[in-house]
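Peer 1: Chains as they are written, first to last, in my numbering: chain B, 95 to 459; chain G, 95 to 459.
Number of protein chains: 2
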Amino acid sequence: MNYRDELDTPSLVVHEEILERNLTDMAEYAKSCGVTLRPHFKTHKTGAVAERQKALGASGITVAKIGEAEALVDAGVYDDFFIANQIVGPLKHKRLVALMECATVRVAVDTVDVARGLDGAMGEAGTTLDVVIELNTGQNRAGVRPDEALGLAELIRNEMPNLRVVGLMTHEGHAGATIAPEGIVSTGVAAGKAITETAEQLREHAFEISVVSVGSTPAAKHTTTVEGITEMRPGTYVFNDNSGFRFGTKPEDCALRVLATVTSRPAPDRAILDCGSKALTSDKSVGREGHGYIVEYPEAEIISLSEEHGWLRLPESAQGMKVGDKVEVIPNHVCPAVNLQDEIYLIRNDEVVETWPVIARGKVR
Amino acid sequence: MNYRDELDTPSLVVHEEILERNLTDMAEYAKSCGVTLRPHFKTHKTGAVAERQKALGASGITVAKIGEAEALVDAGVYDDFFIANQIVGPLKHKRLVALMECATVRVAVDTVDVARGLDGAMGEAGTTLDVVIELNTGQNRAGVRPDEALGLAELIRNEMPNLRVVGLMTHEGHAGATIAPEGIVSTGVAAGKAITETAEQLREHAFEISVVSVGSTPAAKHTTTVEGITEMRPGTYVFNDNSGFRFGTKPEDCALRVLATVTSRPAPDRAILDCGSKALTSDKSVGREGHGYIVEYPEAEIISLSEEHGWLRLPESAQGMKVGDKVEVIPNHVCPAVNLQDEIYLIRNDEVVETWPVIARGKVR
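(1) Taking 6 Å as the limit between beta carbons, can you name the residues of its chain near residue 451 of chain B, skipping five residues before and five after?
(2) Tell me, please, whether the CB atom of residue 168 of chain B is closer than 8 Å to any CB atom in chain G?
(3) Run through the stretch 157-236 of chain G for me and flag every whole beta strand (DSSP E) of 3 or more residues, listed as ranges in chain order.
(4) Taking residue 246 of chain G as the reference, give the member of G:236, G:235 and G:259 with the closest Cα.
(5) Return the residue from the list G:379, G:304, G:99 and G:385 that minimises the CA-CA distance to residue 226 of chain G.
(6) What residue from B:173, B:112, B:320 and B:332 has the CA that sits closest to residue 128 of chain B's CA?
(7) Would residue 174 of chain G and residue 155 of chain G be called neighbours here (beta carbons separated by less than 8 Å)?
(8) Going by Cα to Cα distance, which pick from B:100, B:266 and B:217 is closest to residue 280 of chain B?
(9) Note down the Cα distance separating residue 461 of chain B from residue 148 of chain G, rounded to an integer number of angstroms.
(10) With distances taken between CB atoms, is the gap from residue 316 of chain B to residue 269 of chain B smaller than 8 Å?
(11) Roughly how many whole angstroms lie between the Cα atoms of residue 370 of chain B and residue 293 of chain B?
(12) Answer with yes or no whether the minimum CB distance from residue 401 of chain G to chain B is below 8 Å.
(13) Would you decide whether residue 162 of chain G is buried or exposed? Buried here means 16 or more other CB atoms lie within 10 Å of its CB.
(14) What's the call for residue 444 of chain B, buried or exposed, on a 16-neighbour Cβ count within 10 Å?
(15) Does the stretch 352-359 of chain B come within contact of the stretch 399-416 of chain B, defined as at least 3 CB pairs closer than 8 Å?
(16) Any beta carbon of chain G sitting closer than 8 Å to that of residue 117 of chain B?
(17) How close, in whole Å, do the beta carbons of residue 360 of chain G and residue 311 of chain B come, if the pair is a contact with beta carbons under 8 Å?
(18) Just grab the DSSP bridge partners of residue 355 of chain G for me.
(19) Looking at the C-beta of residue 418 of chain G, does it have a partner C-beta in chain B at a distance below 8 Å?
(20) Can you give me the start and stop residues for the alpha helix (DSSP H) that residue 123 of chain G sits inside?
(21) Label residue 252 of chain G either buried or exposed according to how many other C-beta atoms from any shown protein chain fall within 10 Å of its C-beta, with 16 as the threshold for buried.
(22) Apart from the five residues just before and just after residue 200 of chain B, which ones in its own chain have a Cβ nearer than 7 Å to its Cβ?
(23) For residue 255 of chain B and residue 221 of chain B, I'd like the C-alpha separation in whole angstroms.
(24) As a quick exercise: from B:104, B:435, B:136 and B:203, pick the residue whose alpha carbon is nearest that of residue 263 of chain B.
(25) Can you find a CB in chain B that lies within less than 8 Å of the CB of residue 230 of chain G?
(26) Any residues in the stretch 407-434 of chain B with a beta carbon nearer than 9 Å to a beta carbon of chain G? Which ones, in chain order?
(27) Note down the Cα distance separating residue 172 of chain B from residue 166 of chain B, rounded to an integer number of angstroms.
(28) Nearest-angstrom Cα distance between residue 329 of chain G and residue 136 of chain G?
(29) Who pairs with residue 263 of chain B in a beta bridge, going by DSSP?
(30) Taking only beta-carbon atoms, is residue 125 of chain G less than 8 Å away from chain B?
(31) So, using beta-carbon positions, are residue 401 of chain B and residue 348 of chain G closer together than 8 Å?
(32) Pop quiz: residue 108 of chain B and residue 374 of chain B are said to be a contact at Cβ under 8 Å. What is the actual Cβ separation, rounded to whole angstroms?
(33) Considering only residues of the same chain and omitting the five flanking positions on each side of residue 101 of chain B, which have a CB-CB separation below 8 Å?
(34) Residue 96 of chain G: buried (16+ other C-beta within 10 angstroms of its C-beta) or exposed?
(35) Within a Cβ cutoff of 7 Å, which residues of the same chain sit near residue 386 of chain B, ignoring the five residues on either side of it in sequence?
(36) Give the straight-line distance between the Cα atoms of residue 152 of chain B and residue 313 of chain B, rounded to the nearest whole angstrom.
Below, the structure written as structure tokens:
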């Protein structure tokens, strides 16, 4: 049966052909430039996608929370994790130690107190943890400034015997890109230079820096052009979304869509979809108005969301839309949209061929 | 043990004393004005809160999706539902018929095609469905205009033998309110007049209109001052949130908070919390900047969210905030924040006394 008839709505559907193309493209890119691809799990939170990433050469994976790693261990898919986040507090330290008993783990640190907490917990557990210093290369979220990295590294080396500084990471989520006549121009290169120069500085002070890790899908193929980057951690590339359009992503690159139904036609220029903020999230798309891209009616705008309603403004060309019609919406931001549902339906030749549990949905801790 | 030590973060905590005050206040208000309180389940999605609402006199409940009603039936809590939404498509019709076998159900209709679909499904099942015409009283989301209601009602009466028009509903979510010298002034009254006048018009045409139903917490005590309203459907009142501050809600009225941990102090005026858009959602608060209200540091602003990071800007008075400190954040919009987690922790005398599963979390269909 055609998946659009079979599935109730709103549902998450993934078109396998697009997914495979996205997965292969990034895996080949990483190989071509000699950078390890350690994809971020947070986008798909799904064991089956993680397995496909592994089959394409990603022997380790990135997570944002211990709970995501625990889900992958339970599913038996991965045992090599980079937790690209600060791990704070005794409850999380205990879970981290348990995770380290069945997996290889490294974590980020950016604040002395975070490092001291980890060092104490590792000392109590009688083990050693590899840490990666998080660098602020311009996003101004977490991370030390480049001129502070050496100081933190030396403090850890001198005062925290249970931690071992093995590298540097940054999340260059701020890296803007513009489509210029000469192609896409990204500021990711500046972030790449900041982190590789800092890595050199640490090496000059006898640190063995084996990891120089960058993140973010939009900047992925820009930051990694800088010599000295060893690892990339893109997440969104598996599915892509509406937020990538400004970097050249096209609807046909977007593997995941929210299948939705038109549930009301209260006025000629207005329609209601059964996907609201509890299906699409309220995340905005930088540079694009509206709350998603409707594949069948790109000219229709999702002007507003309430929890269970998507409000469409229809130009004349889209006013043939009828109650009961099904459409596919490319979300503004695919990662939190996936996090709202329990399963993803895999589509091949217009049929549902697999149902994937979103194993780390809601693993917010 | 104190709940702030016991619980890992980010977690949803509900302060029982505030919850009980909110529940009792609205139940007493409804009784005082002779209006049936049929609370909206979408806010808490939790069996235990639904039970408390029932104990306080709410014999029926409102849901947005069939899946929410199914969760309540499975939990054995309610068997009287108003689905305040359009039910469209054969898959949902089948579930609606199944639900009607074990519960009293009425649903909204606002479009001829929606009504025809329901009528056909009821005919096939050999049963009759009570429907309530959804009226657009100014929100311009779903709903017929007041001057269209009679036409739709007559079409249903004349052509759809398996449906019975029993009332009218509106969601006056647009109803603005301002705090004026004479108190809070709301445009909900205009919505109330529109729906009661339309009800009178239908009665003049021999419709037995027993339900005149209004929704929305901010307007709840304004719309219902209009003579002729029979039912109110507030949802958010159980917990309240940051979006209610403009209507006079105070932090001490907000029962649900996201318990979060400071995980990074990358600069004197910057801190990172472990709650991002996957815990707080990206919903904005009308009239208030930022992404939530920090109870312990109201002067600190959550200036941005990424998925697992809340970015704080700290004025000097809040710069004592340290890594590992726990704080409580009142979300901008509590309903979608609840929908992100599997459980709510009930707090009494600073201890966790119950853990409530969010039984309808993710029941988006």
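For each residue, glycine too, the CB sits at the ideal point set by N, CA and C.
Computed from a predicted structure; not experimentally measured.
Peer 2: Reading from the atomic positions:
(1) Within the same chain, residue 451 of chain B has close Cβ partners 437.
(2) Taking a beta-carbon distance threshold of 8 Å, residue 168 of chain B does not count as an interface residue toward chain G.
(3) For the stretch 157-236 of chain G, the continuous beta strand (DSSP E) assignments of 3+ residues that do not extend past its boundaries occur at 174-177, 198-203 and 223-229, in sequence order.
(4) Comparing alpha-carbon positions, the option among G:236, G:235 and G:259 lying closest to residue 246 of chain G turns out to be G:259.
(5) Looking at G:379, G:304, G:99 and G:385, the one whose alpha-carbon comes closest to that of residue 226 of chain G is G:304.
(6) Answer by Cα proximity: B:320.
(7) Yes, they are a contact pair.
(8) Among B:100, B:266 and B:217, the Cα nearest to that of residue 280 of chain B is on B:266.
(9) Lying before the first or after the last residue shown, residue 461 of chain B is absent from chain B, which here runs from 95 to 459.
(10) Yes, they are a contact pair.
(11) When only Cα atoms are considered, residue 370 of chain B and residue 293 of chain B end up about 45 Å apart.
(12) Under the Cβ distance rule, residue 401 of chain G counts among the residues neighbouring chain B, one pair being separated by less than 8 Å.
(13) Residue 162 of chain G is buried by the Cβ-count criterion.
(14) Residue 444 of chain B should be labelled exposed.
(15) Result yes; three or more Cβ-Cβ pairs closer than 8 Å.
(16) False, the Cβ-Cβ gap to chain G never drops below 8 Å.
(17) The Cβ separation is near 23 Å, so there is no contact.
(18) The partner list for residue 355 of chain G (beta bridge, DSSP) reads G:420.
(19) Contact with chain B is found for residue 418 of chain G, since one of that chain's Cβ atoms lies less than 8 Å from the residue's Cβ.
(20) Residue 123 of chain G -> alpha helix (DSSP H) spans 110-126.
(21) Under the 10 Å beta carbon count, residue 252 of chain G is surrounded by fewer than 16 other beta carbons and is classified as exposed.
(22) Excluding sequence neighbours, residue 200 of chain B sits near 176, 224, 225, 226 and 260.
(23) Rounded to whole angstroms, the separation of the alpha carbons of residue 221 of chain B and residue 255 of chain B is 10 Å.
(24) It is B:203.
(25) Yes, because at least one Cβ of chain B sits closer than 8 Å to the Cβ of residue 230 of chain G.
(26) Within the stretch 407-434 of chain B, the residues whose Cβ lies closer than 9 Å to some Cβ of chain G are 416, 417, 418, 420, 427, 429, 430, 433 and 434, listed in chain order.
(27) Between residue 172 of chain B and residue 166 of chain B, the alpha-carbon positions lie close to 6 Å from each other.
(28) Approximately 7 Å between the Cα atoms of the pair.
(29) Residue 263 of chain B is bridged to B:228 and B:307.
(30) No, residue 125 of chain G lies away from the interface with chain B (no Cβ there is under 8 Å from its Cβ).
(31) No, the Cβ-Cβ distance between residue 401 of chain B and residue 348 of chain G is not below 8 Å.
(32) Actually they do not touch by this definition, with Cβ atoms about 16 Å apart.
(33) Within the same chain, residue 101 of chain B has close Cβ partners 107, 353, 439 and 446.
(34) Exposed, since its Cβ has fewer than 16 Cβ neighbours within 10 Å.
(35) Around residue 386 of chain B, the same chain offers 336, 374, 396, 423, 424, 425 and 426 as residues with beta carbons nearer than 7 Å, after the five sequence neighbours per side are excluded.
(36) Straight-line Cα distance between these residues: approximately 19 Å.
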